[in-house]
Amino acid sequence: TPPPTPTPTPTPTAPNLNIKKYVGGVTTQSNLGYLDADKDIASQPKLKVKPGETITYKIELKNTGNGAATGVTIADQVETTIGAAVDINTLTITAQNVPGARIETVNGKKWIKSNAFTINPGESKYIEFRVRVKANFTGSFDNIACYATTGMTIPVCNDAQVIVDPPTPTPIAPNLSIKKYVGGVTT
59 TPPPTPTPTP TPTAPNLNIK KYVGGVTTQS NLGYLDADKD IASQPKLKVK PGETITYKIE
119 LKNTGNGAAT GVTIADQVET TIGAAVDINT LTITAQNVPG ARIETVNGKK WIKSNAFTIN
179 PGESKYIEFR VRVKANFTGS FDNIACYATT GMTIPVCNDA QVIVDPPTPT PIAPNLSIKK
239 YVGGVTT
């Protein structure tokens, strides 16, 4: 008799989530680059803007695993991390495919938050929002977005840095004219 056919071992399924943070200017979308949570912030691209410009952030979460992730939430501590640099009253969500994406006040500070959702293998979820840099702010600031799933004790976060250059002063060109008068000598 032939030996029995071995029972195949089932392939385990597991989600593999990757969070990316995109940042760009509203009128300078060519500067839109992504920041990868697996890399050091010092090696990431940085967006340079001027005071008073509006910037766009996009938080994207992708499941590259072969199993669904459940109880997923996205949170971005907008006012806590960048409140000193931006006019928080200009914060708006401009696009999303995450259930319950909203601006929520937590302990007096504005956050971007989502309801819990499931993200299936190969699926991406995102929240995009805009905020304007204060007209008198120069320096740099980091914005942090995080996700958590059912059973996680520490969320996974990503950081995006924006550098605000001081405005370039407009040179004032003098408008000078010179006249020379010559008079004759009288004798």
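Following the working numbering, the numbering of the sequence shown begins with 59 at its first residue and continues without gaps. For every residue, glycine included, the Cβ atom is placed at its ideal position computed from N, Cα and C. None of these values were measured; they are calculated from a predicted model.
- C-alpha of A126 to C-alpha of T69: approximately 14 Å in a straight line.
- Only residues of its own chain outside the window of five on either side were considered, and among them none has a CB closer than 7 Å to the CB of N165.
- Between the C-alpha atoms of K79 and I113 there is a straight-line separation of about 13 Å.
- Under the three-pair Cβ rule at 8 Å, the region 183 to 199 counts as touching the region 106 to 120.
- When secondary structure is reduced to three states using DSSP, I77 falls in the strand class.
- Here Y205 is bridged, per DSSP, to I132 and V214.
- P73 is classed as buried because its beta carbon has at least 16 other beta carbons within 10 Å across all chains shown.
- In the DSSP assignment, N121 is bridged to L75.
- In the three-state scheme derived from DSSP, where H, G and I count as helix and E and B as strand, I161 is classed as strand.
- Measuring C-alpha to C-alpha distances from A203 to each of I140, P62, I236 and P179 identifies I140 as the nearest.
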